[in-house]
Structure formats: C-alpha cells, structure tokens
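In terms of the numbering used here, the sequence shown is residues 779 to 912. Following: one structure in structure tokens, then a few remarks.
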Amino acid sequence: MLLTGTLPPQIGNLSFLASLNLMNNSFHGSLPIQLANLHRLRFIELGQIPSDMFERLPKLQSLNLGMNNLSGKIPIDLLKCKELQFLNLESNRLEGILPKEIRNLTMLRSLYLDNNLFEGKRKAVGCYFNLLSF
C-alpha cells in the first residue's frame, strides 16, 4: 500500500475488525497500544508491535511477523495466544533458546522459525505439536 505516517490510536475503536494487514508500508513511531482493544481480531500482519499486546488478543489465530528484521527473544506474552494456529517468525534476527512455553500453543498447525539466531535444537519443537508445516 505504501502508506506513510503514524497509525492513529482510534484504530482501536474498530471493534468488529477481524483481519488487519499493515505490511509493506512506511509507518514510523510505535503502533498504538489501542490495537489490543481489537478483541475480535483473528489475523494480523505487522512489523514491530508492543510485546505486552499479545495477552489482550486471546482469539488471535494467525500471526505473520516473517521478514521484519525483528531482534531479541520471542515475547513470552505471545505464547499466551492459545488459539494461535499459524505462527511465522522466519527470517528475522530472533535469538536465544526457544521458550518452553511454546508447548502451550496446542492449536498450532504451522510454525516457521527458520533463518533466525536461535540456540539449541529447534527441530525438537516439532515433536510437541500436530504441525502440518514446520
């Protein structure tokens, strides 16, 4: 879309929003925390997002953060999204050991973690899920 500027906090007023794609834009600043008010949100495609936002999105089913140059560790709050079925974190600069809490995502069917800087045996994670793709 190539939109520029900042996202207004009023985006959190779109209470019936179920899908949000903000990729391939030139936004600056941080995303408004009011996005966490979108309780019906099922699909989200974003770049950098506040890590404390995930605990307020319990119905999130799909999260695509692939190829966003994200760094650091996987936020533990992300692993509280119990209905998550698709998680793409590939091609970032994520590091550290995969949190053991990732096993709590029992609905997960697709998990993509390649091309990051994780330590340890990442392939062992696949044993905990009925993954269709890994």
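Virtual Cβ for every residue (Gly too), placed ideally from N, Cα, C.
{"Asked": "Distance, Pro787 Cα to Phe821 Cα", "Found": "19 Å"}
{"Asked": "For Asn791 and Lys878, the rounded distance between their alpha carbons", "Found": "35 Å"}
{"Asked": "Nearest-angstrom Cβ-Cβ length linking Leu781 and Asn815, presumed shorter than 8 Å", "Found": "Not really, about 21 Å apart at Cβ, beyond 8 Å."}
{"Asked": "Length of the line joining the Cα atoms of Phe864 and Phe832", "Found": "14 Å"}
{"Asked": "Reduced DSSP category for Arg871 - H, G, I as helix; E, B as strand; rest coil", "Found": "strand"}
{"Asked": "Minimum C-alpha distance to Leu798 - residue among Thr884, Leu835 and Lys851", "Found": "Leu835"}
{"Asked": "Residues of its chain near Asn866, where Cβ-Cβ distance is below 6 Å and the 5 sequence neighbours each way are ignored", "Found": "Asn842, Gly844 and Tyr890"}
{"Asked": "8 Å CB neighbourhood of Asp892 in its chain, flanking five on each side removed", "Found": "Glu868 and Ser869"}
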